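What follows is a single structure, written as structure tokens, with notes after it.
Number of protein chains: 6
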Amino acid sequence: MLLKFSTWSEIETYLGKRQDVFIPIGATEQHGPFGLIGTDAICAEGIATAVGERDGVLVAPSIQVGMSLHHMKFPGSMSLTPQSLIGLTLEWVDSLAAHGFNQFHFVNGHGGNIATLGAAFSEVYLKHPNVRCLTTSWYELPPLQAATAQYFGDGEGYHGTPSELSVSFFLYPEQRRETQPLDDSPLVDDQLYSAADFRRCYPDGRIGANQHLADPKIGEKLFGIAVDAVLERHRKWTELK
Amino acid sequence: MLLKFSTWSEIETYLGKRQDVFIPIGATEQHGPFGLIGTDAICAEGIATAVGERDGVLVAPSIQVGMSLHHMKFPGSMSLTPQSLIGLTLEWVDSLAAHGFNQFHFVNGHGGNIATLGAAFSEVYLKHPNVRCLTTSWYELPPLQAATAQYFGDGEGYHGTPSELSVSFFLYPEQRRETQPLDDSPLVDDQLYSAADFRRCYPDGRIGANQHLADPKIGEKLFGIAVDAVLERHRKWTELK
Amino acid sequence: MLLKFSTWSEIETYLGKRQDVFIPIGATEQHGPFGLIGTDAICAEGIATAVGERDGVLVAPSIQVGMSLHHMKFPGSMSLTPQSLIGLTLEWVDSLAAHGFNQFHFVNGHGGNIATLGAAFSEVYLKHPNVRCLTTSWYELPPLQAATAQYFGDGEGYHGTPSELSVSFFLYPEQRRETQPLDDSPLVDDQLYSAADFRRCYPDGRIGANQHLADPKIGEKLFGIAVDAVLERHRKWTELK
Amino acid sequence: MLLKFSTWSEIETYLGKRQDVFIPIGATEQHGPFGLIGTDAICAEGIATAVGERDGVLVAPSIQVGMSLHHMKFPGSMSLTPQSLIGLTLEWVDSLAAHGFNQFHFVNGHGGNIATLGAAFSEVYLKHPNVRCLTTSWYELPPLQAATAQYFGDGEGYHGTPSELSVSFFLYPEQRRETQPLDDSPLVDDQLYSAADFRRCYPDGRIGANQHLADPKIGEKLFGIAVDAVLERHRKWTELK
Amino acid sequence: MLLKFSTWSEIETYLGKRQDVFIPIGATEQHGPFGLIGTDAICAEGIATAVGERDGVLVAPSIQVGMSLHHMKFPGSMSLTPQSLIGLTLEWVDSLAAHGFNQFHFVNGHGGNIATLGAAFSEVYLKHPNVRCLTTSWYELPPLQAATAQYFGDGEGYHGTPSELSVSFFLYPEQRRETQPLDDSPLVDDQLYSAADFRRCYPDGRIGANQHLADPKIGEKLFGIAVDAVLERHRKWTELK
Amino acid sequence: MLLKFSTWSEIETYLGKRQDVFIPIGATEQHGPFGLIGTDAICAEGIATAVGERDGVLVAPSIQVGMSLHHMKFPGSMSLTPQSLIGLTLEWVDSLAAHGFNQFHFVNGHGGNIATLGAAFSEVYLKHPNVRCLTTSWYELPPLQAATAQYFGDGEGYHGTPSELSVSFFLYPEQRRETQPLDDSPLVDDQLYSAADFRRCYPDGRIGANQHLADPKIGEKLFGIAVDAVLERHRKWTELK
């Protein structure tokens with residue numbers, strides 16, 4: 001159930017029954033030579049939408065531009081600053097909390113958002129003591145980690161990974177790019193610094209990822225695993241309260 | 001050409017040829033008893049995407065939550081404050097201007113965004129003297145106004161109009177709601193004040209709109225007219241410089 | 001009745017009877033070769049003061065520096081950024097709303113303020129649901145447009161116009177500048193971009209205005225028309241509620 | 001020489017010769033039973049204007065609403081918060097520094113502005129290392145203190161003083177209020193806290209001031225002393241550099 | 001080498017040789033019935049100071065109040081909001097980066113700071129592309145985790161832990177509180193929400209910690225392990241560049 | 001009684017009896033050739049702590065980095081901007097006022113903080129009408145001024161003074177620097193402008209101070225005088241209410 005495809009009275013009815021909502025959050029940033037700039041938003045939105053359908057949970061619009069400052073030396077990347085992303089998160093929650101929503105489950109597709117989301121949640125709780133927020137980065141869920149290790153091994157890497165490319169190519173087959181084998185892109189440091197640093201260390205944008213392994217069929221399987229895992233996590237969380 | 005479906009090297013190539021980009025901006029707000037909460041974003045995104053395809057112009061992600069504070073007494077409405085929407089607009093332009101984009105054409109689906117966008121542009125020019133911005137509210141273009149008057153006459157109204165519902169139902173036929181005749185919803189004042197004022201004056205959310213006139217077939221025609229008109233306006237504007 | 005010339009107990013008495021107030025808002029910006037930098041503030045303050053006298057409406061201090069970023073390449077121009085002008089507007093309303101004022105009529109002398117004021121009002125209503133704001137740009141009122149067309153025709157132009165110069169020279173005759181005929185200053189584009197763009201397109205600051213037509217006697221007539229029209233608009237608006 | 005009564009080319013000429021400017025700053029706040037709400041702005045603007053005429057120094061528009069939060073329990077008082085007043089001061093200096101002004105002399109009529117102006121200047125210097133700012137609170141100048149002691153003795157008090165009322169009644173004789181003897185209004189504490197505290201301690205708004213001593217003739221003398229003293233201070237300061 | 005105990009010329013000399021600096025960051029928040037409110041700052045400052053002495057690395061003043069909004073229902077707790085802590089972190093780095101420092105190692109004593117610090121670093125890199133930041137939460141270092149498990153097992157818990165109490169009592173023996181056995185304080189949820197939620201779930205402030213196990217002698221050992229581990233991590237990091 | 005060395009239940013007990021608290025505020029800035037960068041924080045913290053012990057008043061953590069923008073051309077100086085220091089002050093007060101504290105006595109060691117603290121207090125009172133704040137700059141207290149004049153005469157100067165160096169060397173004897181006679185450092189102007197201006201006028205950082213006069217034994221005496229004077233001032237202030 002998508003908010004954008006609902007009427008206000010349908011939302012009124014929904015709120016009479018439950019007060020949880022998914023907010024997909026991705027990024028608009030380079031994903032290496034063969035990955036789509038929208039990969040993170042595509043995956044987060046796709047997974048949240050499917051989970052929402054399975055259990056009838058409302059899905060708000062996606063935050064499509066996230067915290068990607070470190071990718072800004074690659075054309076097409078967009079980013080909010082952390083301070084702005086905190087403010088935006090707070091106002092989205094303000095809006096929905098004003099109607100009675102009180103459990104916000106952010107389905108996240110981008111590691112760079114995590115710290116800022118965490119900071120934002122503390123601002124949320126200060127303003128809305130009865131609200132609870134949760135971030136689930138789909139690719140970090142244990143069943144996903146297991147499947148990714150099995151399919152791609154060390155080729156998975158850390159950015160522009162074959163797993164996220166596979167899911168995006170499964171969801172939008174016509175957008176699949178023809179991958180080719182490339183040299184390795186080894187991890188230089190486990191910290192990320194400025195955008196200039198990033199481009200110098202990882203000139204084509206990948207970090208340790210063998211994009212030639214990307215495959216929509218594997219994407220379909222990973223997608224199914226992700227939907228199951230997010231759904232289970234959501235059920236546990238909403239029952240907890 | 002959608003940014004989210006591009007790779008960074010494709011954007012690099014695009015920038016070698018042209019530096020204009022569309023940014024669709026809508027709203028996530030009540031649209032009366034039969035209109036979708038996402039109507040404004042759906043229309044703006046749909047039109048901008050089609051225009052982008054016609055002339056090969058890049059289309060950035062849509063701003064789906066706009067300035068809708070006056071709709072906040074209807075469940076499901078979301079809004080940024082004007083100050084935040086200015087900040088978000090500025091950072092989106094910052095991001096793309098950093099790569100060399102310099103003409104930003106905002107295809108707008110929501111009247112409540114116009115003042116704030118205008119304010120934002122002045123902040124943009126202060127920071128980026130070489131950037132130019134343009135807002136086109138598709139429903140205000142003369143050919144649209146003419147067609148709307150012909151199809152809906154006084155039933156068009158001012159919010160939750162049959163024209164925007166028609167376009168949204170044309171673009172997403174499966175989301176079409178079964179409209180029914182309703183009492184008139186006369187315009188109380190030509191100014192809008194607080195959300196409480198709005199709900200008191202317009203209890204079901206419409207302003208003067210006869211939603212029962214909404215028709216996907218008319219939507220298709222309006223959509224075609226809008227795409228032509230936005231395209232023509234974009235061509236003139238980009239040639240001007 | 002001017003706020004600055006009142007005592008606090010006089011305002012207490014006023015509030016026992018009515019809660020409306022005028023706030024004149026102008027600009028401090030170049031007005032071409034013969035126009036005063038304070039033209040917009042002079043006109044707005046003069047008209048609001050006269051209207052206030054006619055109906056006993058309180059007039060707050062003028063906002064003398066408005067949103068004039070696009071004029072900043074001409075010496076002497078001053079500007080707030082839109083974000084700051086929103087903040088200032090909000091705090092002026094906060095101050096007066098704390099005492100019980102609830103209808104704020106901004107008499108505006110500068111087109112560049114309009115978008116920002118509109119954005120500010122949305123912030124006002126969020127914080128003060130019972131407050132109502134109205135902007136009246138005196139030069140846009142239909143009787144003014146008619147009179148201006150009659151007196152100046154195409155020579156009126158868009159910035160540094162003979163009508164505003166005439167009103168300012170009528171109000172401060174000793175400040176009248178000796179105008180001279182100048183070359184035409186044709187409109188380049190109907191949008192305004194950065195300050196550098198503005199100066200390049202309009203090197204002496206005028207936009208399409210024949211300042212040699214400015215005449216204090218015509219100014220007197222325009223002033224009278226403006227006072228009548230603002231007064232009528234104010235009466236209708238305050239009765240509406 | 002007033003900025004509002006200048007043309008941009010006259011300012012260009014001025015800047016070719018000197019780069020100093022006065023900015024009057026007052027307040028819009030209660031001044032006890034017989035004092036005008038605009039007293040502080042009236043005095044600061046009147047003195048700065050006269051000094052400007054004497055030495056041909058430019059005078060910018062007045063900041064009419066200052067930091068008066070502690071007066072907000074009296075109808076008609078207006079205030080910016082310190083953070084906003086810092087921002088406004090910075091943008092006024094930004095505007096004029098962009099044209100080449102580099103010595104900003106704030107002629108101040110209100111004690112409540114002093115701390116905030118001091119804070120603002122540090123922000124100014126961070127952004128504009130070549131700019132210098134000076135605050136002169138006219139009523140604190142030694143010759144004024146001496147004259148005030150002579151004319152009013154202990155009756156001068158601390159707020160709504162006979163000296164400032166006298167100056168304002170001299171400048172605007174038609175605004176003179178008929179004063180009457182009142183009970184003493186003794187100083188409770190030498191610190192000011194919240195607006196509620198202020199109203200509780202000083203119910204009619206005065207602090208220790210005998211407003212019945214106010215006299216436009218004395219006002220004329222004080223005004224003359226102030227103009228001389230500010231002029232002398234300005235000359236020394238501008239020669240120093 | 002402590003910044004506060006240095007002269008400016010000693011810092012000039014230091015910068016001629018190296019550009020790294022430690023910034024201890026703790027918290028001022030409740031630490032259960034027997035823990036000191038300053039525990040996190042005490043540990044972070046103590047460890048950073050000792051490491052600084054070992055390798056001659058400069059240590060800046062400690063950030064003593066961190067992000068502790070969730071502890072605010074316990075008297076004495078203090079907190080910055082995330083937005084403010086980001087701003088403060090940015091200005092501390094601005095200050096030191098202006099002198100040439102470019103490696104900022106934050107020695108952290110409080111889990112609640114981590115997300116906000118991460119967000120702050122992205123703002124830092126945007127402004128200072130040549131700066132690198134690192135957070136080390138001493139209690140999360142593998143040798144610490146191993147030692148803690150050995151000494152305290154499950155009694156370690158998550159907040160107000162015997163390990164941090166032990167270190168603080170070792171560093172300030174005179175501040176040791178007489179602990180007593182208490183009921184278990186089981187972990188309710190692995191997420192933290194509002195301050196009211198926290199107090200309801202953990203009424204005496206501890207999370208799963210057996211404070212009666214705290215022992216200054218164990219504190220001494222943990223402290224030694226921490227100093228060694230932070231030192232090693234710092235050496236590796238500074239050599240990396 | 002130091003907040004950092006208290007438990008939350010001890011603070012709860014304290015609040016049952018009294019609601020006043022000291023907040024020491026210093027600076028981290030150059031203090032000339034022989035003065036420690038932490039001088040202002042060292043003195044303020046030392047004095048506040050001793051006063052707190054004498055009367056059992058709680059002492060919060062010190063604000064160690066203050067408003068020192070004008071010292072930023074000397075290595076090691078750190079500063080918050082005024083806007084940030086206002087925000088930090090407000091959040092510290094917010095935190096403690098939430099627990100019931102209502103009298104905040106800032107013991108200040110740095111003149112550059114005074115204006116900004118004053119501005120901050122107005123923001124505090126707006127948000128917390130029942131809170132009262134007081135700044136005491138220890139070195140400005142009359143008994144200190146008298147003692148300083150006696151010990152150092154004109155050699156005291158205005159920055160990096162022998163009195164503050166003496167107190168810091170008394171409190172931390174091992175940090176005493178070996179002073180030497182230096183040329184005079186005359187006062188150039190009684191205003192301070194930008195950091196570049198400061199360094200140009202006062203190349204070694206002192207203003208008019210003969211640091212060779214610094215003496216820990218005199219420091220001990222000054223410290224005792226300061227503790228007595230602050231204590232007396234605090235008692236009077238807390239009784240006043």
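Protein chains in written order, with my numbering: chain A, 1 to 241; chain B, 1 to 241; chain C, 1 to 241; chain D, 1 to 241; chain E, 1 to 241; chain F, 1 to 241. From the three backbone atoms N, C-alpha and C, an ideal C-beta is built for every residue, glycine too. The structure presented is a predicted model; accordingly, all values stated were derived computationally and were not measured.
Closer than 9 Å to chain E by CB, HIS31 of chain F: yes
Cβ of MET67 of chain A within 9 Å of any chain E Cβ: yes
Contact between the stretch 209-227 of chain E and the stretch 17-31 of chain F (3+ Cβ pairs under 8 Å): No, they do not touch.
Chain-order list of residues whose beta-carbon lies under 7 Å from that of VAL188 of chain B (same chain, five-residue window excluded): The answer, listed in chain order, is CYS201.
Local Cβ density within 10 Å of ASN113 of chain F, reported as buried at 16 or more and exposed below that: Counting Cβ neighbours within 10 Å, ASN113 of chain F comes out buried, since at least 16 surround it.
TYR172 of chain F at chain E interface by Cβ criterion, 9 Å: yes
Short CB-CB distance (under 9 Å) between VAL230 of chain D and chain F: no
Straight-line gap, LEU245 of chain B to SER9 of chain B (C-alpha atoms, nearest Å): The structure shown does not extend to residue 245 of chain B, since chain B spans only 1 to 241, so no value can be given for it.
Any 3 or more C-beta pairs closer than 8 Å across the stretch 188-199 of chain A and the stretch 131-142 of chain A: no
Alpha-carbon to alpha-carbon, SER6 of chain E and LEU96 of chain E: 14 Å
Burial state of GLU232 of chain F, where buried means 16 or more other Cβ atoms lie within 10 Å: exposed
Contacts of GLN19 of chain A in chain E (Cβ-Cβ under 8 Å): Correct list: empty, because the minimum Cβ distance to chain E is about 15 Å.
Separation of ASP215 of chain F from THR161 of chain F, as counted between CA atoms: 11 Å
Which of helix, strand or coil DSSP assigns to ASP190 of chain E: coil
Cα-Cα separation between LYS127 of chain F and HIS99 of chain F, rounded to whole angstroms: Taking the straight line from one Cα to the other gives about 15 Å.
Chain D contact for ALA149 of chain C (CB, 9 Å cutoff): no
Cβ-based contacts, 7 Å cut-off: residues of the stretch 73-94 of chain D near chain F: THR81, PRO82, GLN83, ILE86
Continuous beta strand (DSSP E) stretch holding THR135 of chain C: start and end: 132-137
Under 8 Å by beta carbon: chain B residues contacting ASP278 of chain C: This structure gives no information on residue 278 of chain C, because the portion of chain C shown stretches from 1 to 241.
Closer than 9 Å to chain E by CB, TRP138 of chain F: no
Chain E within 9 Å of TRP237 of chain F, Cβ atoms only: False, the Cβ-Cβ gap to chain E never drops below 9 Å.
Rounded separation between GLU164 of chain A and GLY208 of chain A - CA only: Approximately 14 Å, taken between the alpha carbons.
Residue span of the alpha helix (DSSP H) that contains VAL93 of chain B, given as start and end: 82-97
For HIS234 of chain C, the first and last residue of its enclosing alpha helix (DSSP H): Taken as a continuous stretch (DSSP letters only), the alpha helix (DSSP H) holding HIS234 of chain C covers 216-240.
Any C-beta of chain F under 9 Å from that of THR28 of chain E: Yes, THR28 of chain E lies at the interface with chain F (some Cβ there is under 9 Å from its Cβ).
Local conformation of LEU141 of chain C per DSSP, three classes: coil
9 Å Cβ cutoff, HIS128 of chain E in contact with chain A: yes
Sequence-distant residues of its chain with Cβ nearer than 7 Å to PRO61 of chain A (five each side left out): LEU3, LYS4
Residue range of the unbroken alpha helix (DSSP H) whose run includes VAL167 of chain D: 162-171
Contact belief for ALA115 of chain C with ALA115 of chain B at Cβ below 8 Å, rounded distance in angstroms: Contact between ALA115 of chain C and ALA115 of chain B holds: CB atoms are separated by about 5 Å, below the 8 Å threshold.
Presumed contact (8 Å Cβ cut-off) between PHE74 of chain B and ARG199 of chain B, rounded CB distance: 7 Å
Helix, strand or coil at VAL21 of chain D [DSSP, three-state]: In this structure, VAL21 of chain D counts as strand in the three-state DSSP scheme.
Identity of the residues DSSP links to PHE104 of chain F by a beta bridge: F:VAL21, F:CYS133
Chain-ordered chain D contacts of LEU134 of chain F [CB-CB under 9 Å]: GLN191
Residue-level contact to chain F via CB, LYS4 of chain E, 9 Å cutoff: yes
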